[in-house]
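Heads up, the sequence shown is in the numbering used here, so the first residue is 2 and it goes up one at a time.
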Amino acid sequence: MTTIQDLAPKLNRTAADIVRLLMMAGEMVTATQSLPDEMIELIAEELGATVILVEPGMEAELELQKLFDDDDDDEDDSLLEQRPPVVTVMGHVDHGKTKLLDRIRQANVVAGEAGGITQHIGAYQSVQNGRKITFIDTPGHEAFTAMRARGADATDIVILVVAADDGVMPQTIEALNHAKTAEVPIIVAINKIDRENADPDKVRRQLTEQELVPEEWGGETMMVEVSALEGLGVDDLLEAILLVADVEDLRANPKAPVRGLVLEANLDSGRGPVATVLVERGTLRVGDPMVAGHAWGRVRAMLDEFGNQVPEAGPSVPVQVLGFDEVPYAGDELRVAPDDRTARVVAESRARRRRLAGIGGGTGYTGGTKLEDIFAHIQSGEVTTLNLVLKADVQGSLEALTESLRKLERDEVKLGFVHRAVGGITESDVNLANVSNATIIGFNVRPDRKAREIAEHEGVELRLYEVIYQALEDIEAAMVGMLKPEFEEVVTGEAEVREVFSVPRVGKVAGCYVRSGTITRGSKVRFLRDGVVIWKGEIASLKRFKEDAREVQTGYECGIGLENYQDLKGGDLIETYTIREIPRV
Ligand code: GDP
Numbered sequence: 002m003t004t005i006q007d008l009a010p011k012l013n014r015t016a017a018d019i020v021r022l023l024m025m026a027g028e029m030v031t032a033t034q035s036l037p038d039e040m041i042e043l044i045a046e047e048l049g050a051t052v053i054l055v056e057p058g059m060e061a062e063l064e065l066q067k068l069f070d071d072d073d074d075d076e077d078d079s080l081l082e083q084r085p086p087v088v089t090v091m092g093h094v095d096h097g098k099t100k101l102l103d104r105i106r107q108a109n110v111v112a113g114e115a116g117g118i119t120q121h122i123g124a125y126q127s128v129q130n131g132r133k134i135t136f137i138d139t140p141g142h143e144a145f146t147a148m149r150a151r152g153a154d155a156t157d158i159v160i161l162v163v164a165a166d167d168g169v170m171p172q173t174i175e176a177l178n179h180a181k182t183a184e185v186p187i188i189v190a191i192n193k194i195d196r197e198n199a200d201p202d203k204v205r206r207q208l209t210e211q212e213l214v215p216e217e218w219g220g221e222t223m224m225v226e227v228s229a230l231e232g233l234g235v236d237d238l239l240e241a242i243l244l245v246a247d248v249e250d251l252r253a254n255p256k257a258p259v260r261g262l263v264l265e266a267n268l269d270s271g272r273g274p275v276a277t278v279l280v281e282r283g284t285l286r287v288g289d290p291m292v293a294g295h296a297w298g299r300v301r302a303m304l305d306e307f308g309n310q311v312p313e314a315g316p317s318v319p320v321q322v323l324g325f326d327e328v329p330y331a332g333d334e335l336r337v338a339p340d341d342r343t344a345r346v347v348a349e350s351r352a353r354r355r356r357l358a359g360i361g362g363g364t365g366y367t368g369g370t371k372l373e374d375i376f377a378h379i380q381s382g383e384v385t386t387l388n389l390v391l392k393a394d395v396q397g398s399l400e401a402l403t404e405s406l407r408k409l410e411r412d413e414v415k416l417g418f419v420h421r422a423v424g425g426i427t428e429s430d431v432n433l434a435n436v437s438n439a440t441i442i443g444f445n446v447r448p449d450r451k452a453r454e455i456a457e458h459e460g461v462e463l464r465l466y467e468v469i470y471q472a473l474e475d476i477e478a479a480m481v482g483m484l485k486p487e488f489e490e491v492v493t494g495e496a497e498v499r500e501v502f503s504v505p506r507v508g509k510v511a512g513c514y515v516r517s518g519t520i521t522r523g524s525k526v527r528f529l530r531d532g533v534v535i536w537k538g539e540i541a542s543l544k545r546f547k548e549d550a551r552e553v554q555t556g557y558e559c560g561i562g563l564e565n566y567q568d569l570k571g572g573d574l575i576e577t578y579t580i581r582e583i584p585r586v
């Protein structure tokens with residue numbers, strides 16, 4: 002849709018010329034009225050011009066993008082100024098992430114603001130030695146990964162919190178891998194050193210096994226002992242952050258066109274859409290026309306974490322922004338547009354495309370193609386990206402799988418590794434795959450029940466392998482349009498190990514609770530610990546109250562003995578399954 006006013010200059014005519022022309026053709030149209038496409042074609046034909054109908058808003062978006070691209074290129078070194086580091090805190094549950102963030106917030110709020118009541122806006126700034134540090138206030142790697150999956154890399158430094166009494170735990174390793182994948186420097190906070198049974202050196206040893214070697218042992222990682230509870234070592238941790246920030250030489254141009262990242266957003270009943278934005282470059286000011294994803298508006302007001310109004314926000318500063326017409330999504334990129342109209346047109350065009358695509362993504366991996374559709378795309382001559390989320394049992398197999406997959410890349414099919422990590426397939430993996438249109442490849446790992454349900458519901462493709470070459474064969478086959486019949490393992494039952502008994506002459510027997518399906522004697526099983534397959538085989542014995550049982554249903558307890566397998570622990574999972582062939586359609 003366009004108006005005569007917009008169209009006339011493109012045809013080197015005045016609006017009056019065109020109104021006259023249409024009048025002669027029997028159409029009464031005013032200069033500001035939107036014209037249907039057919040009418041535009043008619044006018045162009047009359048005037049001997051060619052029209053190419055561009056998707057509405059695309060043009061403006063391309064122009065805007067060009068403006069930004071040009072600008073990104075000519076970043077003159079002399080214009081860059083030091084900016085505060087942006088820090089995300091990660092670690093295993095209960096290791097003290099929240100406590101640490103609270104402690105830092107209380108002790109080191111921006112000078113002059115002390116005593117003010119801080120509000121949770123998703124990020125805050127603290128001061129150490131007169132220098133600011135920005136903390137993302139949502140601990141954990143889920144948010145971090147979801148942001149990254151959308152193409153947003155706001156975090157400069159990751160603080161990995163490890164409780165000194167508990168040591169390295171599964172989520173510690175997960176967080177570590179996410180940070181490593183993102184190539185973000187890590188500082189370890191060894192927390193809870195006030196505890197009697199704290200063993201910080203054990204943490205150092207365990208992390209060294211994960212290739213994170215402490216500086217004091219000749220490695221490259223700063224590890225700081227702290228107690229978030231008592232406030233011990235927190236200053237040292239902040240000093241360490243500043244040291245790493247100096248090494249990283251974090252700078253941005255405060256005069257550049259504004260780019261920011263939406264950290265969180267919600268609809269406030271009194272104030273309308275409110276978004277917390279982390280400014281990455283440039284300086285956002287009240288009155289600026291802005292666009293973030295499908296939302297646009299003028300900055301009506303900006304508030305810091307104390308609820309104070311601020312007139313402007315420079316690089317690394319988090320602010321609540323009021324004035325959007327709709328609520329943008331977390332992970333959306335904010336840009337300041339040259340004028341209101343550009344902001345609106347871009348936002349509207351994105352909204353339309355979002356509706357068409359039926360997904361929530363704005364930037365990032367939205368262009369992915371499903372494995373099963375990849376051949377059709379190749380045939381049509383398009384360059385496509387096969388987005389993948391890779392999960393594997395150990396780091397070694399993850400690397401091996403990644404390397405082999407990379408070799409399959411060709412001119413017409415690129416691979417996008419949205420996320421690669423060790424561990425079982427979780428809800429957050431499936432959500433990530435869903436927003437990025439990725440296929441999940443699991444190697445020796447399984448989805449948990451929630452993940453499986455969401456994948457089924459959202460239609461996320463989930464492929465599980467136990468041999469690397471089978472994964473490669475499948476992807477290669479998909480590329481030439483010849484996916485072989487697939488064998489599907491149908492899970493028939495799931496039992497949780499609650500207790501382990503030693504039975505003379507028989508060995509270890511697992512006292513289990515059947516969580517779903519039916520457990521049948523002699524059936525094939527996978528034995529899982531933290532979502533990772535650690536053994537496969539068959540059920541050797543199945544008992545109910547010391548009696549042999551042929552099968553045990555959901556909700557009952559039973560004793561399970563596994564054939565030639567003894568390493569059983571409470572919390573492990575026994576999954577039984579059968580195999581059937583899925584006919585290809
Ligand atoms: P998160 O799940 O990692 O965010 O952990 P929290 O910050 O909620 O802390 C979990 C528990 O550990 C809470 O009961 C805290 O009070 C406690 N905690 C956190 N830091 C320390 C510490 O330095 N020393 C001690 N003794 N307890 C702590």
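Where is the CB? At the ideal position from N, CA and C, for every residue including glycine. Predicted model, so just to flag it, every value in this text is computed and none were measured.
- Check the Cα spacing between Ala155 and each of Glu539, Arg282, Val468 and Gln129: the tightest is with Arg282.
- Sequence-distant partners of Val88 (beyond 5 residues in either direction) whose C-beta falls short of 8 angstroms from its own C-beta, in its chain, are Ile134, Thr135, Phe136, Ile137, Thr156, Asp157, Ile158, Val159, Ile160 and Ile242.
- By the C-beta criterion, the segment 265-281 is judged to be in contact with the segment 317-336, since at least 3 inter-stretch pairs fall below 8 angstroms.
- In the three-state DSSP reduction, Ser350 falls in the helix class (H, G or I).
- Residue pairing from DSSP places Tyr566 in a beta bridge opposite Leu563.
- Here DSSP, grouped into helix, strand and coil, assigns Val204 to helix.
- Cβ neighbours of Glu428 within its own chain (closer than 8 angstroms, five residues either side excluded): Asp449, Lys451, Ala452 and Ile455.
- Secondary structure at Lys525: strand, using DSSP grouped into helix, strand and coil.
- Just measuring C-alpha positions, the residue of Arg336, Gly298, Val468 and Tyr566 sitting nearest Gly273 is Gly298.
- For His96, the Cβ falls inside the 8 angstroms cut-off from some heavy atom of the ligand GDP.
- In this structure, DSSP gives Ile160 an extended state, which the three-state scheme calls strand.
- Restricted to the segment 505-558, the beta strand (DSSP E) segments that are unbroken, complete and at least 3 residues in length are 508-521, 525-530, 533-545 and 552-554, listed in chain order.
- Scanning Val468, Asp250, Ala479 and Leu12 for the CA closest to the CA of Pro85 turns up Asp250.
- Considering only Asp412, Leu391 and Val431, the residue with the shortest C-alpha distance to Val423 is Leu391.
- Residue pairing from DSSP places Tyr125 in a beta bridge opposite Phe136.
- Here the segment 537-553 makes contact with the segment 514-525; the two share three or more CB pairs at distances below 8 angstroms.
- For the options Val395, Thr386 and Ala257, the alpha carbon positioned closest to that of Asp412 is the one of Thr386.
- Considered as a whole, the segment 235-300 harbours 235-249 as its complete alpha helix (DSSP H) runs of no fewer than 4 residues, in chain order.
- The beta carbon of Glu240 is closer than 6 angstroms to none in its chain, skipping five residues each way along the sequence.
- Between the C-alpha atoms of Ser79 and Glu221 there is a straight-line separation of about 30 angstroms.
- Taking 4 residues as the shortest admissible run, the segment 451-480 contains the following complete alpha helix (DSSP H) segments, listed from N- to C-terminal end: 469-480.
- DSSP lists Thr277 and Leu304 as the beta-bridge partner residues of Gln321.
- The DSSP-derived three-state label of Ile191 is strand.
- Judged by DSSP in its simplified three-state form, Val436 adopts helix.
- DSSP, read as helix, strand or coil, puts Gln396 in helix.
- For Ala422, no alpha helix (DSSP H) encloses it; the enclosing beta strand (DSSP E) starts and ends at Val414 to Val423.
- The distance from the Cβ of Glu231 to that of Asp195 is about 5 angstroms, consistent with a contact at the 8 angstroms cut-off.
- Inter-residue distance for Gly294 and Arg336 is about 9 angstroms (C-alpha atoms, whole angstroms).
- Counting every other CB atom within 10 Å of its CB across the protein chains shown gives Arg342 a total below 16, marking it as exposed.
- Taking a C-beta distance under 9 angstroms as the contact criterion, Glu306 and Val287 do not qualify as a contact pair.
- Assignment of beta-bridge partners to Glu210 by DSSP yields no partner.
- Distance between Val419 and Asn178, taken at the CA atoms: about 13 angstroms.
- Taking the Cα of Ser270 as reference, the smallest distance to any Cα among Asn254, Leu43, Val328 and Leu238 is reached at Val328.
- With respect to the 9 angstroms criterion, Ala511 and Gly460 are not classified as neighbours on the basis of their beta carbons.
- Judged by beta-carbon spacing, Leu389 lies beyond the 9 angstroms limit of Ile469, meaning their Cβ atoms are not closer than that value.
- Comparing alpha carbon positions, the residue from Gly494, Cys559, Ala496 and Lys415 closest to Met480 is Lys415.
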